[in-house]
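Protein chains in written order, with our numbering: chain A, 3 to 569; chain B, 3 to 569.
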């Protein structure tokens, strides 16, 4: 089973060091420490295991090292920054494994950009050598890219010419949309195995600067300090430790402190339950800092995140997930009030940003989610986002009308709630401040805004509603999909789940990938919608993965053989 | 060979009738008149041949019938509007044929929306019976949808539950993005084989109204008249006839009056040349109307459009197209001046909109385009858009510096050019008026704006440039990719073309689909980028097209068998 928990003293492939406001994250991949013994991770090439450590390092810098303002991403290998995703690993992977690998690496790169946009944590890619494929895609996620000018080191995206696939970690999108490389130059660059180096790399905007070997180290330091000086990251500390989650893992599911997931493999379904907090909760920054990673929203969403990741890679046949919540609704609303009240505190901000990323992870998980809202549930505020993220929600219309849901400012735009300094403003993400609220989707809108697309009045009405919604009210307001009564509930849920589980899993993945992201597209949704979908297509094509395909032929005798038909 | 030329008295599947400002386009598919004898077009199901007639009819209403303001789209079959794309046709089609079919039908639906947005031609889908799959997608392209309430007639998108594929003609995108159906209701609807009818269809915004059978005809008429009354389409006529193009078709290529395309099948390349106009050209609306379809821009772009379509469906192995122009550059610039000067005349407007759609067709064609700019070429103004649409452009840096390109207001935002009433405003497409100029791409930006993304000052500078650009100036301005000198020219072109032709055709399709559409995504680019890419993926998956896949199993004994892994 692949797991996602790690920590710096367990890292095999990265070194993380700190020097005041500057952290250095150095890639030094151990060839023989891949997730599988079937390949060697030569030349700082990577597999999912390498990326899990990278994701962990970035997360820890955010929570454990609030004093850091710049992260230098570099390599400890001579003349090699990173050769990209390991090709033998890709070649030996199933289609699903390739897709999941790309998705996770994409989420990690976007987490870097999220830290830059919303936490003031700036990233400098210091390319001390060859930087190819996924290595360059990692660099593209950074705020600045500098390249050593040693006559040899180049940046490249050789996937298309060499392997017959796309750079699948956002490379094409970031080249034209983020770095604004001209599309014709990008076309040329993306078909050039040897890549581009030196002055041309700067002229084409592929990198920000090149420096001779003798000046490289000093120049990196100087730029890192300039980035740190320009960052407005809150310097308040100390950080909090992110301790291991240590779920109980059994064949039938995983049990965490606030999250449980159980599998019914025969029906290809899972039941995922999030438990509301119990007892007194921290309500000041000091209390929250003391609680650290045990503060319920951080703990519950870290567990949810971990459960989703494990589900993705370890349980491919579980197609439908039933989402439930349990516990004290008011406790969740109380937590939300605390988060909003102290949104400008660095740790609260990081917690909310983490909740946002976890909910995005759910949006991007290729499984059907149905939310089941029953008496005793706690679908309130930030936990109600789980129902909004679901493909459908079913709410029991109980005879007593005691089954309710509730909203909080966490579901909306904080500005509209009259908060004095909005969380989004504190995060300096202007687009988010305008539209997205504290928990936006990848498309930049809140889930309520996406649900009622271009109907701001409706969203405002719903957010202005006093108190909870019972089932009839929630259905009337359009907050839940269906509200069957007690007589119909069991049958309706059973039929819906059985029907869903019987559909083509590919059709459901495609359907959900289209319906979940109504409204604007962003760099982020372009990466997951457009680029990923094309890559998924190519990953199935005989020209890539067939016996004579480019991915299979790479490194072997002879050239690939293609079916030349263009489609 | 599949051809795209047709005319109303040749239609097999549609009847087109006129009654003042209201045209009626009635589907009446002939079962035994499919493009292939392998399937029967039962229940008003369609194949590419049916859609070629639909595209032709819409085109003709625009050019031949300027008096029409509303088009009623309905069916002559009892209790059946349209059953969607023919499933046996899809089942028997190659992957490439399926993809090309979906692309063309998407372009046809978008042409309906273009006519509504920019020509004031309103469409009313009058669903007189069952409306399934692609039939409903056709309705979604219309401005209004009314459905008969007979207890049986429903709208549905049964592709996912029934066939294991997506509604591939924009259905999912239009349901949530255009009609703003809530995503959870859209999810439910898109998994419901029987669809939704009656009051629920209205409540969910799937249709605009339902009427009992007894009132249906009158209600349709009333709504059509209301749409006509609200339209501000110019009523000036008479229209002009669109005569057959009649190219000379040989194995080596096609020859039209202003366009030639020749194939080198051994190298998998084509050379496409557009010839500038010669002799005196019409310069007033009266002269343009008299010239009719022989007016050069309409004639040349109709020929270009036809050549691209024939290439797509009949020459799948031609992967790389070299674009050239020949003739009098100033004649093209003169035409552009005439188009801009008379942009508010209905026919000029239609011609420019047609040029726009043809250039979009090029952007969306899954072939590599390299523009070759040599002495004697006419890459000026609207013809320079061909170079901007190309993946790369090579401009010969001749010793005499006589090889030049030139821009015109057709490459820019007309408003910036000081035109008194902008073409885009006349077209009432506000987004276009703000950003896109007369020849925007699917992303809403001009090709210059996309090329220099978020650098409006650069675009303005280039448009303000007086006179033509020689090769050095064009390269410096970023208007061409490379400008080799006479010594290098032949080798550089040869190597570039040979290298391109040797790459995986799938990787090139994916690469181009990502790099060509930098900048914003629109409903249109979502359909071609996100939705199409997912559908292409699904069209390759064994769960759809394998021996036990849903598309293969449909109509046979037994149920499909799926590989349940979610990816």
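Ideal placement from N, C-alpha and C gives every residue a C-beta, glycine not left out. Keep in mind it's a predicted model, so treat the numbers as computed, not measured.
Contact check, residue i vs residue j, beta carbons under 8 Å
i             : j             : result
residue 445/B : residue 524/B : yes
residue 11/B  : residue 247/B : no
residue 378/B : residue 328/B : yes
residue 545/A : residue 135/A : no
residue 335/A : residue 261/A : no
residue 473/B : residue 400/B : yes
residue 298/A : residue 279/A : yes
residue 158/A : residue 200/A : no
residue 53/A  : residue 107/A : yes
residue 495/B : residue 349/B : no
residue 410/A : residue 338/A : yes
residue 314/B : residue 360/B : no
Exposure of residue i, with buried meaning 16 or more beta-carbon neighbours within 10 Å
i             : result
residue 466/B : exposed
residue 489/B : exposed
residue 255/B : buried
residue 318/B : buried
residue 292/A : exposed
residue 483/A : buried
residue 100/B : buried
residue 105/A : buried
residue 116/A : buried
residue 456/A : exposed
residue 224/A : exposed
residue 423/A : Legend: pLDDT at residue 423/A = 39, less than 50; position of this residue unreliable, value from coordinates given subsequently. So residue 423/A ends up on the exposed side.
residue 179/B : buried
residue 528/A : buried
residue 91/A  : buried
residue 597/B : In the structure as shown, chain B begins at 3 and stops at 569. Residue 597/B is therefore absent and cannot be evaluated.
residue 32/A  : exposed
Simplified DSSP assignment, three categories, for residue i
i             : result
residue 214/A : strand
residue 339/A : helix
residue 243/A : coil
residue 406/B : strand
residue 121/A : helix
residue 360/B : helix
residue 3/A   : coil
residue 395/B : strand
residue 12/B  : helix
residue 305/B : helix
residue 195/B : coil
residue 277/A : strand
residue 90/A  : helix
residue 112/A : helix
residue 17/A  : strand
residue 316/B : helix
residue 223/A : helix
residue 559/A : coil
residue 524/A : coil
At least three beta-carbon pairs within less than 8 Å, the stretch 68 to 75 of chain B to the stretch 229 to 247 of chain B: yes
Given 8 Å, three or more beta-carbon pairs between the stretch 77 to 85 of chain A and the stretch 128 to 141 of chain A: yes
Segment contact, 8 Å Cβ cut-off, at least three pairs: the stretch 189 to 201 of chain B with the stretch 524 to 537 of chain A: no
At least 3 beta-carbon pairs within less than 8 Å: the stretch 300 to 319 of chain A vs the stretch 493 to 500 of chain A: The stretch 300 to 319 of chain A makes no contact with the stretch 493 to 500 of chain A; the number of CB pairs closer than 8 Å stays below 3.
Segment contact, 8 Å Cβ cut-off, at least three pairs: the stretch 502 to 513 of chain A with the stretch 157 to 177 of chain B: yes
Contact list for the stretch 500 to 523 of chain A against chain B, Cβ threshold 8 Å: 501, 502, 505, 506, 507, 508, 509, 510, 511, 512, 513, 514, 515, 516, 517, 518, 519, 520, 521, 522, 523
Contact list for the stretch 171 to 185 of chain B against chain A, Cβ threshold 7 Å: Considering only beta carbons, the part of the stretch 171 to 185 of chain B lying closer than 7 Å to chain A consists of 174, 175, 178, 179, 182, 184, 185, in chain order.
The stretch 365 to 397 of chain A: positions lying closer than 7 Å to chain B by Cβ: 368, 369, 393, 394, 395
Against chain A: residues of the stretch 461 to 492 of chain B by CB proximity under 7 Å: 480, 483
At least three beta-carbon pairs within less than 8 Å, the stretch 172 to 188 of chain A to the stretch 205 to 218 of chain A: Counting C-beta pairs with one atom in each stretch, the stretch 172 to 188 of chain A and the stretch 205 to 218 of chain A have three or more that are closer than 8 Å, which means they touch.
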